[in-house]
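**Q** Count along the sequence shown starting at 1, add 91, and that's the number in the numbering used here. Glycine is no exception: its CB is placed at the ideal position from the N, C-alpha and C atoms.
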Amino acid sequence: GATPAAPAEAAPPIGVLMRIVDDSLYMTTERVAAEWYMRKMQGGSTEYGSRCNPSKTKVSFECTSDGEQLSKCSSDSEGRVLLPWCGLLIDCNTLEVYADYQRFAGDYVRDSMTVSTDSVPGQRFRLKIIQSVRPKCRKILLDAQINSPYVIYINIYQILLVSAIKYHCYASELQRGPASNPEFFYAAILDVIDHLCHFIFSEVHDSVARKYHCSCPVAALEIKWLGLMAYIEVLQRKSSYYGRVLRGLRHEVRKPTYREAALLLGAVTRKHLHSDILENMLF
Numbered sequence: 092g093a094t095p096a097a098p099a100e101a102a103p104p105i106g107v108l109m110r111i112v113d114d115s116l117y118m119t120t121e122r123v124a125a126e127w128y129m130r131k132m133q134g135g136s137t138e139y140g141s142r143c144n145p146s147k148t149k150v151s152f153e154c155t156s157d158g159e160q161l162s163k164c165s166s167d168s169e170g171r172v173l174l175p176w177c178g179l180l181i182d183c184n185t186l187e188v189y190a191d192y193q194r195f196a197g198d199y200v201r202d203s204m205t206v207s208t209d210s211v212p213g214q215r216f217r218l219k220i221i222q223s224v225r226p227k228c229r230k231i232l233l234d235a236q237i238n239s240p241y242v243i244y245i246n247i248y249q250i251l252l253v254s255a256i257k258y259h260c261y262a263s264e265l266q267r268g269p270a271s272n273p274e275f276f277y278a279a280i281l282d283v284i285d286h287l288c289h290f291i292f293s294e295v296h297d298s299v300a301r302k303y304h305c306s307c308p309v310a311a312l313e314i315k316w317l318g319l320m321a322y323i324e325v326l327q328r329k330s331s332y333y334g335r336v337l338r339g340l341r342h343e344v345r346k347p348t349y350r351e352a353a354l355l356l357g358a359v360t361r362k363h364l365h366s367d368i369l370e371n372m373l374f
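1. Helix, strand or coil: how does DSSP classify residue 324 here?
2. Which of helix, strand or coil does DSSP assign to residue 354?
3. Which residues in the same chain as residue 146 place their Cβ atom closer than 8 Å to its Cβ, once the five residues preceding and following it in sequence are excluded?
4. At 4 residues or longer, and completely inside the region 109-174: list those alpha helix (DSSP H) runs for me, N to C.
5. Taking the alpha carbon of residue 250 as the point to measure from, which residue in 318, 310, 240 has its own alpha carbon closest?
6. Got a sec? Which residues, its chain only, sit under 6 Å from residue 360 by beta carbon, not counting five neighbours each side?
7. Going by alpha carbons, who is nearest to residue 174 out of 240, 333, 148, 299?
8. Measuring straight from C-alpha to C-alpha, what distance separates residue 294 and residue 228?
9. Is the region 215-229 close to the region 325-332, with three or more CB pairs under 8 Å?
10. Do residue 307 and residue 364 come within 8 Å of each other at the CB atom, strictly closer than that value?
11. Would you list the residues sitting across from residue 200 in a DSSP beta bridge?
12. Unbroken alpha helix (DSSP H) runs of length 4 or more, entirely within the region 228-281: which are they?
13. Go to residue 337, then tell me how far its alpha helix (DSSP H) extends in each direction, as first and last residue.
14. Which of helix, strand or coil does DSSP assign to residue 309?
15. Let me know the secondary structure DSSP gives residue 299 once reduced to three states.
16. With DSSP run on the structure shown, which of helix, strand or coil describes residue 349?
17. Work out the CA separation of residue 185 and residue 280 for me, nearest whole Å.
18. Secondary structure at residue 105, three-state DSSP: helix, strand or coil?
19. How close, in whole Å, do the beta carbons of residue 128 and residue 106 come, if the pair is a contact with beta carbons under 8 Å?
So this is what it looks like as structure tokens:
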């Protein structure tokens, strides 16, 4: 007679599985459970004709599949082990979440942007910069139930760094640049920072945020200080182009109004924390 099929291996009870299309993430505190999941994924599914690609698999511990060593997440300059998943970086020790900018390394930001040539390029410029910050205002990056205040500040600062890079890419394509109209370009920076404050507070107070008790212990003044510092950090790399704009930003950020924010958030703006943006994104 036919040989009875071997019983299926029972799944360990500990773990959380998440999936977006074909990108899955399994999180557990038990190595046995993680290894069980890896065996299942690497074994594939005959029913669906699918199999996990070992070269695209990331793990937070030493692990092999069919004798092949799987790629282990490396530690960064802060000693964090960050697992990339669907545009996010997840700290394997604290489960705090950052935005993933590593995937843009080596790419020219300008190549992914379209500059308007219509009759109101200045208005389009301001609108484009404002729109660039909205998609990154996500609860998972801002919620104090997931992230410490320090990580939330880092996430906000990085949103603003990328915004400043895009600002430069747009500005350098306009016929009238910062040298001829510094007041306009300075006001555009303050405008995008104000809009980011609005986007953040709207995101963490909408109906979904209230349902899941989302909270974000960040003050508008702190966001504004981070914004000024982010734009200074990026634009000073093109200082000959933004001389008067930079003078305005530096004058503003030195005001006594921001003294407490500067003392609280100075560590957030350390350059080595943001090398994925400042050193690897080309602009």
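**A** According to the data block:
1. Three-state result, residue 324: helix.
2. Collapsing the DSSP output to three states places residue 354 in a helix.
3. If we look at residue 146 and ignore the five residues flanking it on each side, its Cβ neighbours are 162.
4. Those alpha helix (DSSP H) runs which fall completely within the region 109-174 and span 4+ residues are 122-134.
5. Relative to the Cα of residue 250, the nearest Cα in the group 318, 310, 240 belongs to 318.
6. Correct list, in chain order: 320.
7. 148 is the residue among 240, 333, 148, 299 whose C-alpha sits nearest the C-alpha of residue 174.
8. Distance between the alpha carbons of residue 294 and residue 228 is about 7 Å.
9. The region 215-229 vs the region 325-332: no contact.
10. For residue 364 and residue 307, no; Cβs fall outside 8 Å.
11. None; residue 200 has no bridge partner.
12. For the region 228-281, whole alpha helix (DSSP H) runs of length 4 or above, ordered along the chain, are 230-233, 240-262.
13. That run of the alpha helix (DSSP H) goes 334-344.
14. Here DSSP, grouped into helix, strand and coil, assigns residue 309 to coil.
15. Residue 299 falls in the helix class under three-state DSSP.
16. The answer is helix: DSSP assigns residue 349 an H, G or I state.
17. The alpha-carbon atoms of residue 280 and residue 185 are separated by roughly 34 Å.
18. Here residue 105 sits in coil by DSSP.
19. Indeed they touch by this definition, with Cβ atoms about 7 Å apart.
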